[in-house]
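Note sheet for the following structure.
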Amino acid sequence: MKGDAVFKRTYNQAVANFALMNPGETIASENNLKITLDASRTTVRKVLFEMEAKGVISADRANRILLRRPKQQDVFPRSETMSISAQVEKKFMEWMLRTDLQPGHVINELELARQFRVSTSGIREFLNRFSRFKLIEKRPNSGWCFRGFTRDFALELFEVRELFETRSAISFATRPLDSEAWTVLKEIETEHRKLLRNITKQYHDFSDLDERFHQLINNASNNRFIVDFYDLISLIFHYHYQWNKVDERKRNQAAIVEHLDYIEALFSRDPSRIELACKSHLKSARKTLLASIKTQTPNAIENLP
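Quick note, my numbering runs 11 ahead of the 1-based positions in the sequence shown.
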């Protein structure tokens, strides 16, 4: 499973690279592709064999050329390129939403492993990762306990989020114009506009788009601690964004408009404009997060059994 996801991610990256080429151009050597795609030689060869089978590149391995530009249907779905840990996180988020998880809820590793069709070690690794933030606590002989969130916790978290994302957004603007990040940003912008046109029926689709947008920005930091911190951000903000159903369509529509302003600022590459758009959007997100936990008392976590 893990190796398959790595192959598919590498393949999709190669598709994005080859899409910028013209038919008839020579494909880089395996050694160069190994560096460009940051992958093993075995994975690169598997990618090239798949490209040959689909008629994207020639089968002449001594002098491979691009036969046609890759199309969208040549790309593996995002769900198939996710690592095991990412799959567990996504499934855990969906499980929390379905079960309306509340503070004090006991989490059973074995039951989740069965539901998610992953190993118990994969579940345990995920839960351990977040236990250091005291969101989930290991209880002796009774599994894990979901502790919930307090207003103070949310405010502290948001302070760090604003610092990290503002830095990442400004860093994003310094990327070269031929960077793939700009292509991905343009695709995300198109998806936002499409969703806005169909917001009445498809407003539930915003959460995944929101996550991909902010993850793209935070990844621009090239800082492992910021990227790792975003895992926690994803768990908390997207959980509450969906858990609070009051005015969900209206809130998602407003967030899409803010995202489009944010994206426009990124394309301007103007640091002051980017910072303003970023902070304006995060201010709204902060309001949404606090509204989602307003029913909890300040000592909700401390009073858990």
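The beta-carbon is built from N, C-alpha and C at its ideal position, and this holds for glycine as well.
| message | Which of the three DSSP states is assigned to Lys212 in this structure? | response | helix
| Identity of the residue in Phe141, Leu31, Phe137 and Phe183 nearest Tyr273 by Cα | Of the residues Phe141, Leu31, Phe137 and Phe183, the one whose Cα lies closest to the Cα of Tyr273 is Phe183.
| Can at least three beta-carbon pairs, one atom from the region 201-214 and one from the region 260-276, be found at a separation below 8 Å? | yes
| request: Determine the DSSP secondary structure at Glu148, reduced to helix, strand or coil. | output: strand
| query | By DSSP, does Phe278 sit in helix, in strand, or in coil? | reply | helix
| query | DSSP on Thr185, reduced to helix/strand/coil? | reply | coil
| message | Only counting the same chain, and skipping five residues up and downstream in sequence, which positions put a Cβ closer than 6 Å to that of Pro282? | response | Ile181
| field | CB contact below 9 Å: Leu301 versus chain C | value | Of the chains in the structure shown, none is chain C; there is only one protein chain.
| message | On the DSSP letters alone, give me the boundaries of the alpha helix (DSSP H) that Phe127 sits inside. | response | Glu120 to Phe127
| field | Phe29, enclosing alpha helix (DSSP H) - first and last residue | value | Lys13 to Phe29
| Short Cβ contact (9 Å threshold) for Ile134 with Glu148 | no
| task | For Val117, name the three-state secondary structure that DSSP assigns. | result | Val117 carries a strand assignment under DSSP once its states are collapsed to helix, strand and coil.
| message | Just to confirm, is the Cβ distance from Leu77 to Leu59 under 9 Å? | response | no
| query | Just the Cα atoms here: how many angstroms apart are Glu100 and Phe137? | reply | 7 Å
| message | Quick check on this structure: which residue in Ala73, Asn229 and Asp221 has the alpha carbon closest to the alpha carbon of Asn42? | response | Ala73
| request: Can you say whether His292 is buried or exposed, counting buried as having 16 or more other CB atoms within 10 angstroms of its CB? | output: By the neighbour-count definition (other C-beta atoms within 10 Å, threshold 16), His292 is a buried residue.
| task | Enumerate in chain order the residues of its own chain whose CB-to-CB distance from Glu173 is below 6 Å, with the five nearest sequence positions on each side excluded. | result | Cβ within range, chain order: Leu293.
| Is Ile76 helix, strand or coil by DSSP? | strand
| query | For Leu123 versus Phe103, is the C-beta distance shorter than 9 Å? | reply | Leu123 places its beta carbon less than 9 Å from that of Phe103.
| query | When the distance is taken between beta carbons, is Gly154 closer than 9 Å to Ile95? | reply | no
| query | Expressed to the nearest angstrom, what Euclidean distance is found between the alpha-carbon atoms of Ile38 and Arg20? | reply | 19 Å
| said: Quick test of your reading: Leu220 and His203, contact by CB under 8 Å. State the CB separation rounded to the nearest angstrom. | reply: 7 Å
| task | Determine, using beta carbons only, whether Phe29 and Pro114 come nearer to each other than 9 Å. | result | no
| message | Report the CB separation of Ala27 from Thr201 in whole angstroms; it is logged as a contact under 8 Å. | response | Rounded to the nearest angstrom, the Cβ distance from Ala27 to Thr201 is 15 Å, too far for a contact under 8 Å.
| request: Please classify Gln98: is it buried, with 16 or more other beta-carbons within 10 angstroms of its beta-carbon, or exposed? | output: Sixteen is the threshold: when 16 or more other Cβ atoms of the shown chains lie within 10 Å of the Cβ of Gln98, as they do, the residue is buried.
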